[in-house]
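So the protein lines, in turn, are chains A and B. Here the first sequence is numbered in the numbering used here, starting from 225 and rising by one per residue. Here the second sequence is numbered in the numbering used here, starting from 43 and rising by one per residue.
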Amino acid sequence: MAATAPPLPQKRRLDSSLSSWRWGDRIGFVACWAAGIGLCLIAAGIVLYMGFQGLKYLDATLLVTHPNVDTDQSKSGGFLDPIIGTVLLTLIGIAIATPIAVGTAVWLVEYGRPAWLARLVESGIEVVAGTPDIVIAIFGLALFQKGLFSWMSFSAAGGAVFGRSFLTAGAMMSLIALPMVFGATREGLQSIPAHVREASYALGKTRIATIRRVLLPAVKPNVSTGAALGMGRIAGDTAIVVVLLGATLRLQSEGGLPVLGTLRGTGSTLTSYVYNNSPAGEGAAPNRAYAAAFVLLLVVIALNFAVDGIARRGARYGLESTRLDRQ
Amino acid sequence: MIGNEETHDVERLLPPPIKRIVVDEQLQPTIVQPPVADPVAATGPSAGAVRAGARAHRRGTPGPERMTLDGLSVSYGTKRAVNEVSLPIRQGEVLALIGPSGCGKTTLLRTLNRLTELTPTARREGRILLDGQDVDELEVTALRRRVSMVFQQPNPFPMSIFDNVAYALREQAMKRPGKAAVEPQVIDALRRAGLYDEVKDDLSRPALRLSGGQQQRLCIARALAVRPEVLLMDEPCSALDPRSTAVIEELIQELRSELAIVIVTHNLQQAYRVGDHVAFMYLGDLVEYGRTEQVFAAPRAQRTRDYVGGAFG
Chain A
225 MAATAPPLPQ KRRLDSSLSS WRWGDRIGFV ACWAAGIGLC LIAAGIVLYM
275 GFQGLKYLDA TLLVTHPNVD TDQSKSGGFL DPIIGTVLLT LIGIAIATPI
325 AVGTAVWLVE YGRPAWLARL VESGIEVVAG TPDIVIAIFG LALFQKGLFS
375 WMSFSAAGGA VFGRSFLTAG AMMSLIALPM VFGATREGLQ SIPAHVREAS
425 YALGKTRIAT IRRVLLPAVK PNVSTGAALG MGRIAGDTAI VVVLLGATLR
475 LQSEGGLPVL GTLRGTGSTL TSYVYNNSPA GEGAAPNRAY AAAFVLLLVV
525 IALNFAVDGI ARRGARYGLE STRLDRQ
Chain B
43 MIGNEETHDV ERLLPPPIKR IVVDEQLQPT IVQPPVADPV AATGPSAGAV
93 RAGARAHRRG TPGPERMTLD GLSVSYGTKR AVNEVSLPIR QGEVLALIGP
143 SGCGKTTLLR TLNRLTELTP TARREGRILL DGQDVDELEV TALRRRVSMV
193 FQQPNPFPMS IFDNVAYALR EQAMKRPGKA AVEPQVIDAL RRAGLYDEVK
243 DDLSRPALRL SGGQQQRLCI ARALAVRPEV LLMDEPCSAL DPRSTAVIEE
293 LIQELRSELA IVIVTHNLQQ AYRVGDHVAF MYLGDLVEYG RTEQVFAAPR
343 AQRTRDYVGG AFG
């Protein structure tokens with residue numbers, strides 16, 4: 225038996241002070257904190273600055289008056305048309321993107337045969353997601369100026385197709401929202417355990433009925449999350465608006481029909497309005513730019529909160545905590 | 043190891059008989075004393091057959107044969123999971139499939155309603171008859187309505203309690219029957235699964251908010267709603283706590299009179315408690331099939347003896 229106990233190894237406590245750490249750890253630790261806090265500061269800076277500038281110049285009449293081209297700032301109107309334009313374009317884009325994205329995700333997860341085609345589809349969506357929006361816009365212009373798509377926009381007397389309208393811009397906008405809806409839906413479908421599908425098959429249900437009645441309702445929150453994210457991207461996009469929406473300040477209807485005329489016509493959005501009024505654009509009316517930018521920021525932040533809200537709501541597979549509240 | 047001359051001692055080694063648990067409306071379990079065990083078994087070894095309190099209610103006569111497996115083999119690619127199994131499945135009794143992990147019992151179960159066909163590599167040989175008719179001749183959706191299934195994990199669909207059961211009833215027609223049309227059947231199914239009294243106040247509650255045991259009973263209700271002839275249960279209690287397990291075992295006892303039940307279980311005590319017949323599988327082979335008492339007390343095959351003995355002795 226030993227007379228003295230061996231000295232206990234010096235344990236480093238988890239909450240020991242920084243001074244006992246290695247230098248590399250200290251630098252890493254500080255860098256991590258700095259990065260996180262720095263990001264918060266930048267976000268707060270953007271929101272506060274835009275809020276300050278926006279509220280300074282924003283007044284309610286700007287929201288409800290049509291814009292006007294005038295050298296006198298007091299007569300150049302508000303940005304009602306850009307607000308309507310943003311809403312319209314976002315709705316068109318997401319309305320096209322959601323069914324395509326959900327359909328693709330369902331096919332990929334539930335069928336996905338042959339495997340090479342599934343891989344191809346996935347890479348295709350990755351390519352679309354990675355393509356710069358200005359490239360998508362130029363491609364859209366080239367595409368929609370074909371005679372085949374003359375119904376979507378204004379055609380000149382000689383048969384030349386203008387290619388710029390809410391419909392064409394919305395169609396291309398759907399491409400930048402599609403990857404987000406697709407990704408969220410696929411993730412949702414993949415998180416549903418296989419035995420849930422089997423439970424439906426075991427009740428004598430077909431694959432289609434299972435998708436329609438069990439899987440799609442189950443991924444509804446995912447689809448909504450993806451759609452809200454995609455709407456945020458559409459609302460914030462400028463390149464496609466500048467190239468494909470015709471950049472007329474007001475909504476210019478094309479043809480006599482009330483709704484279709486507007487859709488076939490040109491217009492502007494908050495993003496193009498900000499761009500045109502900023503010192504970089506033609507208008508050089510920074511106060512208008514700030515006010516519109518603030519409104520745009522509010523729209524996008526509201527969409528982000530909607531995403532959070534949707535993600536938290538409802539019981540979903542994989543969230544076991546919701547099952548325990550009655551135990 | 044249990045030798046033949048020691049068979050009467052099995053009774054001593056078995057777990058105490060399951061207590062009857064009645065769940066009242068406040069979800070407070072009250073323990074009711076189990077029915078008194080057969081005095082023969084209680085006083086000691088005088089009969090060859092082993093009896094326990096939980097098994098005292100067994101009927102002697104087996105019902106008509108509902109399903110017949112004839113030389114059934116299933117392979118995944120080159121690996122043979124089930125090897126030439128022939129078994130009867132009878133109305134009004136519980137067949138317990140036991141055996142170590144990977145012995146093919148779940149594969150066998152999933153073959154009965156042709157669920158293995160969802161696995162692209164799975165291949166089946168041999169015949170399965172349902173009421174004398176080959177299951178391959180039946181529409182697979184029709185077969186699965188007659189041979190219903192409950193899974194290991196409670197898997198209610200992400201909809202209300204009512205819709206979970208109604209989903210099973212609604213045919214794939216252009217016009218879905220409304221709530222009123224299916225309501226009596228839904229309530230009946232919930233009653234048979236012993237869940238109705240607990241959930242009747244709010245059937246529109248999301249099913250995923252129920253406790254694990256209630257979810258599993260909801261899955262049983264869903265499976266019963268289509269009025270199946272055979273109910274397949276794949277380790278239905280393995281994800282549940284002992285109380286919920288007891289409730290479901292009780293339920294199995296009540297249901298066995300009206301339909302044939304095949305249950306896969308890892309839990310030998312459970313197989314003993316609920317099974318009328320036991321089939322022991324090992325590496326895809328059906329090693330032993332017989333009445334529960336006989337398989338547990340006097341197994342014929344050495345492998346059965348090892349398996350059953352290892353768990354009990």
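Positions of the beta carbon are idealized from the N, C-alpha and C atoms, including for glycine. Keep in mind the model is a prediction, meaning the values are calculated, not measured.
For the stretch 271–298 of chain B, the beta-carbon criterion of a distance under 7 Å to any beta-carbon of chain A is satisfied by none of its residues.
The C-beta distance from residue 227 of chain B to residue 211 of chain B rounds to 6 Å, short enough to fall under 8 Å. For the stretch 438–449 of chain A, the set of positions with a beta-carbon nearer than 8 Å to some beta-carbon of chain B reads 438, 441 and 442 in chain order. Within chain A, the residues placing a beta-carbon under 9 Å from that of residue 186 of chain B are 425, 426, 427, 428 and 429, ordered along the chain. Residues of chain A whose Cβ lies closer than 7 Å to the Cβ of residue 166 of chain B do not exist; the shortest such Cβ separation is about 16 Å. Chain A places a beta carbon closer than 8 Å to that of residue 193 of chain B, counting this residue as a contact.
Residue pairing by DSSP puts residue 110 of chain B in a beta bridge opposite B/130 and B/171.
DSSP places residue 213 of chain B in no beta strand (DSSP E); its state is neither H nor E. The alpha-carbon separation between residue 168 of chain B and residue 108 of chain B amounts to approximately 17 Å.
Against chain B, a Cβ distance below 8 Å from residue 417 of chain A picks out 195 and 197. Within 8 Å of the CB of residue 261 of chain B, the CB atoms of chain A belong to 423, in sequence order along the chain. Not a single C-beta of chain A is nearer than 8 Å to the C-beta of residue 117 of chain B.
In this structure, the beta-carbon distance from residue 458 of chain A to residue 400 of chain A falls below 8 Å. A residue is called buried once 16 or more other Cβ atoms fall within 10 Å of its Cβ, and residue 190 of chain B is buried on that count. Taking 8 Å as the threshold, the shortest C-beta distance from residue 264 of chain B to chain A falls below it. For a Cβ distance threshold of 8 Å, residue set 197 and 199 of chain B lies close to residue 420 of chain A, ordered along the chain. Contact with chain A is absent for residue 120 of chain B, since none of that chain's Cβ atoms lies less than 8 Å from the residue's Cβ. Identification of chain A residues near residue 128 of chain B by a Cβ-Cβ cut-off of 9 Å yields none; the smallest Cβ-Cβ distance measures about 24 Å. Membership of residue 419 of chain A in the alpha helix (DSSP H) is indicated by the continuous run 418–425. Annotation: residue 370 of chain A to residue 300 of chain A spans about 36 Å, alpha carbon to alpha carbon. Unbroken beta strand (DSSP E) runs of no fewer than 3 residues, entirely contained in the stretch 307–372 of chain A, are not found.
Using beta-carbon distances, residue 223 of chain B does not count as an interface residue toward chain A, since no partner is under 8 Å.
Here the alpha carbon of residue 425 of chain A sits roughly 27 Å from the alpha carbon of residue 448 of chain A. Contact between residue 163 of chain B and residue 119 of chain B holds: their C-beta atoms lie close to 5 Å from each other, under 8 Å. Here residue 105 of chain B carries a coil assignment [DSSP, helix/strand/coil]. Judged by their CB atoms, residue 268 of chain B and residue 427 of chain A are nearer to each other than the 8 Å cut-off. For residue 160 of chain B, at least one C-beta of chain A is nearer than 8 Å to its own C-beta.
Residues 212 of the same chain have their beta carbon placed closer than 7 Å to that of residue 218 of chain B, with the five preceding and five following residues left out of the count. In chain order, 377, 468, 469, 470 and 490 place their CB closer than 7 Å to the CB of residue 388 of chain A, counting only its own chain and leaving out the 5 sequence neighbours on each side. By the Cβ rule, the stretch 300–309 of chain A does not count as touching the stretch 400–414 of chain A, because fewer than three pairs are nearer than 8 Å. Here DSSP, grouped into helix, strand and coil, assigns residue 195 of chain B to coil.
DSSP places residue 304 of chain B inside the beta strand (DSSP E), whose first and last residues are 302–306. Within the stretch 413–493 of chain A, the alpha helix (DSSP H) runs of at least 4 residues that lie entirely inside it are, in chain order, 418–425, 431–434, 444–460, 463–468 and 482–488.
Rounded to whole angstroms, residue 476 of chain A and residue 498 of chain A show a C-alpha spacing of 19 Å. Per DSSP, the continuous alpha helix (DSSP H) segment holding residue 239 of chain B begins and ends at 238–241.
Counting along the chain, residue 223 of chain B sits inside no beta strand (DSSP E); it lies in the alpha helix (DSSP H) bounded by residues 221–234.
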